[in-house]
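Q: Letter by letter, the sequence shown follows residues 3 to 270 of my numbering.
Using N, Cα and C, we set each Cβ at its ideal position, and we do this for glycine too.
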Amino acid sequence: MDLSPDLSPRDLLAFYLDAGVDALVGEEPVDRFAAVEAPPAAPRTAAQRPAPVAPARPAAAAAPTVIAPDEAAMAARAAAKSAATLDELRAILEGFDGCALKATATRTVFADGNPQARVMLVGEAPGRDEDIEGLPFVGRSGKLLDQMLKAIGLDRTSVYIANIVPWRPPGNRTPTPQESAICLPFILRQIELADPDILVCLGGPSAQTLLNIKDGITKTRGKWFTFDTGKREIRAIATFHPAFLLRSPLQKRFAWRDLLAIKKALDS
Ligand code: URA
């Protein structure tokens with residue numbers, strides 16, 4: 003798109019939306035590269051200091067300290083390991099500033115459902131509705147997920163639900179490999195602490211990340227894997243993401259087979 007001065011405000015907004023910008027986090031642009039690279043500035047006099055500006059919205063008020071992805075992943079591993087309970091893990095995650103996604107998200111979306119459940123489902127990342135409510139799978143795909151669970155006699159009292167990445171990526175884009183890698187220690191610890199009997203990966207990115215595989219979801223779904231939680235080995239299976247099923251309803255018949263396999267495993 004040509005960003006000429008006579009571009010209408012509507013076209014400009016459409017451009018920003020396409021580029022993944024869907025939230026206003028401040029009145030002035032911030033050059034975060036300069037924040038990392040600039041040498042420490044000489045202290046300013048009171049007269050030189052800009053007047054404090056009120057934050058545009060509360061969750062984005064504190065920009066996270068920018069640290070290198072490797073360093074952030076290391077910090078995440080240490081932080082996740084230090085959690086002895088799910089409540090501690092949630093608190094640690096809410097205080098963790100190593101992932102830039104936190105700065106643009108409204109809330110940390112930790113989990114929903116019953117942490118004592120035998121089944122744990124893991125999706126990819128929160129979307130707009132989840133970001134607003136602070137709970138995973140509450141939007142359209144969440145409604146479909148609820149129907150899928152109901153079809154095999156489950157609901158949010160009998161499953162535990164989380165995501166690989168607990169912060170909504172701007173514009174619902176796919177999390178980058180670095181963002182997923184930084185968040186991975188937290189979801190791994192969450193699985194270990196919840197200690198389910200069966201892990202269900204919702205969609206390809208969740209399956210690839212947790213099951214350490216390269217194949218796409220069409221090839222992976224419906225197959226049983228062994229997943230080492232750190233405490234013990236459990237069974238894991240991948241199925242289509244509900245958002246994909248909303249776009250491709252004909253694939254629901256395969257998801258139905260996966261659901262039946264999960265039910266059978268629970269009953270055996
Ligand atoms: N998609 C996901 O992967 N997770 C959610 O929580 C919502 C939509």
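Let me make sure I understand the geometry here. Which of Ala-257, Pro-198 and Gly-144 has the alpha-carbon closest to that of Thr-231?
A: Start at 1 with the first residue of the sequence shown, and residue 231 comes out as number 229. Ranking the options by Cα distance to Thr-231, first place goes to Pro-198.
Q: Could you check which residue in Leu-195, Ile-239 and Thr-108 has the C-alpha nearest to that of Asn-214?
A: Position 212 of the sequence shown, counting from 1, holds the residue named residue 214. That would be Ile-239, whose Cα lies nearest to the Cα of Asn-214.
Q: DSSP state of Trp-258, grouped into three classes?
A: Locating residue 258 in the sequence shown gives position 256, counting from the first residue. Trp-258: helix per DSSP, three-state reduction.
Q: For my contact list, Glu-126 and Val-167 are in at a C-beta cut-off of 8 Å; report their separation, rounded to the angstrom.
A: In the sequence shown, residue 126 corresponds to position 124, counting from 1. In the sequence shown, residue 167 corresponds to position 165, counting from 1. Yes, they are in contact, since the Cβ atoms of Glu-126 and Val-167 sit about 7 Å apart, within 8 Å.
Q: Kindly indicate the opening and closing residues of the beta strand (DSSP E) around Cys-203.
A: Taking the sequence shown and counting its residues from 1, one reaches residue 203 at position 201. From DSSP, the beta strand (DSSP E) with Cys-203 extends over 200-204.
Q: Who are the near neighbours of Leu-137 in its chain, counting only those whose CB is closer than 7 Å to its CB and skipping five residues on each side?
A: Taking the sequence shown and counting its residues from 1, the one referred to as residue 137 is at position 135. Val-111 and Asp-114.
Q: Check whether the Cβ atoms of Phe-246 and Ala-257 lie closer than 7 Å to each other.
A: Start at 1 with the first residue of the sequence shown, and residue 246 comes out as number 244. Start at 1 with the first residue of the sequence shown, and residue 257 comes out as number 255. The answer is no: Cβ separation not under 7 Å.
Q: On the premise that Asn-116 lies in contact with Thr-159, defined as a C-beta separation below 8 Å, what is that separation, rounded to the nearest angstrom?
A: What you label residue 159 is simply residue 157 of the sequence shown in a count that begins at 1. What you label residue 116 is simply residue 114 of the sequence shown in a count that begins at 1. The pair is a contact, with the Cβ atoms about 5 Å apart (cut-off 8 Å).
Q: Would Ser-182 and Val-124 qualify as a contact pair, given that the criterion is a beta-carbon distance under 7 Å?
A: What you label residue 182 is simply residue 180 of the sequence shown in a count that begins at 1. What you label residue 124 is simply residue 122 of the sequence shown in a count that begins at 1. It is not a contact, given that the beta carbons lie outside the stated cut-off.
Q: Which first and last residues belong to the beta strand (DSSP E) in which Ala-164 is found?
A: For the purposes of this step, residue 164 is identified with residue 162 of the sequence shown, where counting begins at 1. First-last of the beta strand (DSSP E) with Ala-164: 161-165.
Q: Compare the C-alpha of Gly-224 against each of Arg-259, Gln-118 and Leu-190 and name the closest.
A: Counted from its first residue, the sequence shown places residue 224 at position 222. Nearest of Arg-259, Gln-118 and Leu-190 to Gly-224, Cα basis: Arg-259.
Q: Output needed for Lys-265: all residues of its chain with C-beta closer than 6 Å, excluding positions within five of it in sequence on either side, in chain order.
A: Looking up residue 265 in the sequence shown gives position 263. Counting only Cβ-Cβ distances below 6 Å, and skipping sequence neighbours, we find Ile-154.
Q: Hey, would you say the C-beta of Asn-174 is under 6 Å away from at least one heavy atom of the ligand URA?
A: Translated into positions along the sequence shown, residue 174 becomes position 172. Every heavy atom of the ligand URA is 6 Å or more from the Cβ of Asn-174, so no.
Q: Could you check how far apart the C-beta atoms of Leu-201 and Leu-91 are, in whole angstroms? I think they sit under 8 Å.
A: In the sequence shown, residue 201 corresponds to position 199, counting from 1. In the sequence shown, residue 91 corresponds to position 89, counting from 1. With a Cβ gap of about 17 Å, Leu-201 and Leu-91 do not count as contacting.
Q: When the distance is taken between beta carbons, is Pro-244 closer than 7 Å to Leu-151?
A: Here residue 151 corresponds to residue number 149 of the sequence shown, with the count starting at 1. Here residue 244 corresponds to residue number 242 of the sequence shown, with the count starting at 1. Not in contact: Leu-151 and Pro-244 (Cβ atoms no closer than 7 Å).
Q: Do you know how far the Cα of Ser-84 is from the Cα of Leu-103?
A: Taking the first residue of the sequence shown as position 1, residue 103 is located at position 101. Taking the first residue of the sequence shown as position 1, residue 84 is located at position 82. So the alpha carbons of these two residues sit roughly 22 Å apart.
Q: With C-beta atoms as the reference, is Ile-184 less than 7 Å away from Gly-100?
A: Here the question's residue 184 lines up with position 182 in the sequence shown. Here the question's residue 100 lines up with position 98 in the sequence shown. Yes, the Cβ-Cβ distance between Ile-184 and Gly-100 is below 7 Å.
Q: Based on Cα-Cα distance, which residue from Asp-131, Gln-180, Asp-157 and Ala-78 lies nearest to Asn-174?
A: Numbered from its first residue, the sequence shown carries residue 174 at position 172. Among Asp-131, Gln-180, Asp-157 and Ala-78, the Cα nearest to that of Asn-174 is on Asp-131.
Q: Measure the alpha-carbon distance for Arg-51 versus Thr-228 and round it to whole angstroms.
A: As a working mapping, residue 51 is identified with position 49 in the sequence shown. As a working mapping, residue 228 is identified with position 226 in the sequence shown. Because the pLDDT of Arg-51 is 46, which lies under 50, any placement of that residue in the model is unreliable, and the question is left without a value.
Q: List the whole-angstrom C-beta distance separating Ile-134 from Thr-108, where the pair is believed to meet the contact cut-off of C-beta under 8 Å.
A: Working through the sequence shown from its first residue, we reach residue 134 at position 132. Working through the sequence shown from its first residue, we reach residue 108 at position 106. With a Cβ gap of about 6 Å, Ile-134 and Thr-108 count as contacting.
Q: When the Cα atoms are used, what is the spatial distance from Arg-234 to Ile-193?
A: For the purposes of this step, residue 234 is identified with residue 232 of the sequence shown, where counting begins at 1. For the purposes of this step, residue 193 is identified with residue 191 of the sequence shown, where counting begins at 1. Their Cα atoms are separated by approximately 11 Å.
Q: What does the Cβ neighbour count give for Arg-12, buried or exposed, with the cut at 16 atoms within 10 Å?
A: For the purposes of this step, residue 12 is taken as the residue at position 10 of the sequence shown. Classification for Arg-12: exposed.
Q: May I ask you to report which of helix, strand or coil DSSP gives Phe-139?
A: For this step, residue 139 is matched to residue 137 along the sequence shown. The answer is coil: DSSP assigns Phe-139 none of H, G, I, E or B.
Q: Just to confirm my understanding: we take Phe-98, look at its own chain, exclude 5 residues before and 5 after, and list those with CB closer than 8 Å. What are they?
A: Residue numbering aside, residue 98 sits at position 96 when the sequence shown is read from its first letter. Beyond the five residues adjoining it in sequence on each side, Phe-98 comes within less than 8 Å, by CB distance, of Ala-77, Ala-78, Ala-81, Lys-104 and Phe-188 in the same chain, given in chain order.
Q: In angstroms, rounded to a whole number, what distance separates the CA positions of Arg-120 and Ala-93?
A: For the purposes of this step, residue 120 is taken as the residue at position 118 of the sequence shown. For the purposes of this step, residue 93 is taken as the residue at position 91 of the sequence shown. Going from the Cα of Arg-120 to the Cα of Ala-93 covers about 24 Å.
Q: Please go through the same chain and pick out, in chain order, the residues whose beta-carbon is closer than 7 Å to the beta-carbon of Lys-254, but skip the five residues on each side of it.
A: Residue 254 sits at position 252 when you count from the first residue of the sequence shown. The residues are Leu-247.
Q: Looking only at DSSP bridge pairs, what is Thr-241 linked to?
A: Your numbering for residue 241 matches position 239 in the sequence shown. For Thr-241, the pairing in a beta bridge is given by DSSP as Leu-204.
Q: Determine the extent of the beta strand (DSSP E) in which Asp-230 is found, giving its start and end residues.
A: As a working mapping, residue 230 is identified with position 228 in the sequence shown. First-last of the beta strand (DSSP E) with Asp-230: 226-230.
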